[in-house]
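A.B. asks:
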Ligand SMILES: [Zn+2]
């Protein structure tokens, strides 16, 4: 019955360029901003292969932070600003560039013995030549949930919340990171209870979205209210309410899986 809300991208991540690709694009990573160029501006800067999109090889270029001038001359954009100005597939490649470059920048030394690391040959890893410790790119699974109450139909309500950290006055789904030792469904039930005090069940997965801020993988769920009144955790949630489909507050923009979860519910 339920269709996935995941978008299957044409961008294909890989660790080495295929032999038959001869067109290249370079995603220069300036701090955490990106600037896409058809040449690598300096051959001295480190680079990482990202993957292939529409027959072109994409590279992430690590622009040193100690340059006196921004080589992009102000053209580099943060990933939020880039969204909508390029294709969603290229945006995913740019997000991968930021994550891979940032990972390499922050894993230059072994976390176990402190020796400078080297890039491994056959996989995406930084390897310690002294003790053999391997460090892989980080991905933090985070779940995001739309909680509904009542039978499907015009009277069904969804729980939307305004987080204390939101930059815009909008209401969204509940989200949180998965803890070590926890299932995804367990994380959904725990986070909903912690953030707004209500008990849910019938947790079901709807789809995922890479979220490179800085290295999350968002896993989208629906869950059904079973009991409890809304009691917000004031350290996380400024306000939360039940909303009918015909009376929604401001909701997140289309970039986010939160919006896809809400749109999926509205379309039911
Ligand atoms: Zn080591």
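Numbering (the numbering used here), first residue to last: 3 to 270.
No residue lacks a Cβ here, since even glycine has one placed at the ideal position from N, Cα and C.
1) Are residue 161 and residue 244 close, meaning C-beta to C-beta below 7 Å?
2) So which residues put a beta carbon under 6 Å from any heavy atom of ligand 1, going in chain order?
3) Can we say the segment 113-123 touches the segment 227-238, given the rule of at least three CB pairs closer than 8 Å?
4) Please name the residue in 33, 175, 13, 202 whose C-alpha comes closest to that of residue 152.
5) Note down the Cα distance separating residue 146 from residue 37, rounded to an integer number of angstroms.
6) Taking the C-alpha atoms as reference points, what is the distance between residue 27 and residue 40?
7) State yes or no: is the C-beta of residue 127 within less than 7 Å of the C-beta of residue 109?
8) In chain order, what residues of the same chain have a beta carbon less than 6 Å from the beta carbon of residue 211, not counting five sequence neighbours either side?
9) Under a three-way DSSP split, which group does residue 265 fall into?
10) Just how far apart, CA to CA, sit residue 130 and residue 97?
11) Give me the DSSP bridge partner(s) of residue 27.
12) Give the list of continuous beta strand (DSSP E) stretches no shorter than 3 residues that lie fully inside the segment 165-237.
13) When DSSP builds the beta bridges, which residues end up paired with residue 47?
14) Kindly indicate which three-state DSSP category residue 82 falls into: helix, strand or coil?
15) Report the CB separation of residue 190 from residue 205 in whole angstroms; it is logged as a contact under 8 Å.
16) Residues in its own chain within less than 7 Å of residue 154 by CB, not counting five upstream and five downstream?
17) Sort 102, 49, 187 by Cα distance to residue 214 and report the nearest one.
18) For residue 72, which residues in the same chain have their Cβ closer than 8 Å to its Cβ, ignoring the five residues on either side in sequence?
C.D. replies: So, to answer that:
1) For the purposes of this step, residue 161 is taken as residue 159 along the chain shown, with counting starting at 1. For the purposes of this step, residue 244 is taken as residue 242 along the chain shown, with counting starting at 1. Going by C-beta atoms, residue 161 is nearer than 7 Å to residue 244.
2) 112, 114, 115, 117, 130, 132, 133, 135
3) no
4) Taking the chain shown and counting its residues from 1, the one referred to as residue 152 is at position 150. Across the set 33, 175, 13, 202, the C-alpha of 202 shows the shortest separation from the C-alpha of residue 152.
5) Along the chain shown, one-based indexing puts residue 146 at 144. Along the chain shown, one-based indexing puts residue 37 at 35. In a straight line, the C-alpha of residue 146 is about 30 Å away from that of residue 37.
6) One-based indexing of the chain shown puts residue 27 at position 25. One-based indexing of the chain shown puts residue 40 at position 38. Distance between the alpha carbons of residue 27 and residue 40: 5 Å.
7) Taking the first residue of the chain shown as position 1, residue 127 is located at position 125. Taking the first residue of the chain shown as position 1, residue 109 is located at position 107. For residue 127 and residue 109, no; Cβs fall outside 7 Å.
8) Your numbering for residue 211 matches position 209 in the chain shown. The residues are 220, 259.
9) Residue mapping note: residue 265 aligns to position 263 of the chain shown, counting from 1. It is helical.
10) Residue mapping note: residue 130 aligns to position 128 of the chain shown, counting from 1. Residue mapping note: residue 97 aligns to position 95 of the chain shown, counting from 1. The straight-line gap from Cα to Cα measures roughly 26 Å.
11) In the chain shown, residue 27 corresponds to position 25, counting from 1. Residue 27 pairs with 60.
12) 176-179, 201-213, 218-229
13) The residue given as residue 47 occupies position 45 in the chain shown. Per DSSP, none; premise fails for residue 47.
14) In the chain shown, the residue the question calls residue 82 occupies position 80. Of the three classes helix, strand and coil, the one that applies to residue 82 here is helix, per DSSP.
15) Looking up residue 190 in the chain shown gives position 188. Looking up residue 205 in the chain shown gives position 203. Residue 205 and residue 190 do touch by the CB rule: their CB atoms are close to 5 Å apart, below 8 Å.
16) If you number the chain shown from 1, residue 154 lands on position 152. Within the same chain, 270 come within 7 Å of residue 154 by CB-CB distance, once the 5 residues on both sides are set aside.
17) On the chain shown, position 212 is the one that residue 214 refers to. For the residues 102, 49, 187, the minimum Cα distance to residue 214 belongs to 102.
18) Counting from 1 along the chain shown, the entry for residue 72 is found at position 70. Cβ neighbours of residue 72 within its own chain (closer than 8 Å, five residues either side excluded): 32, 78.
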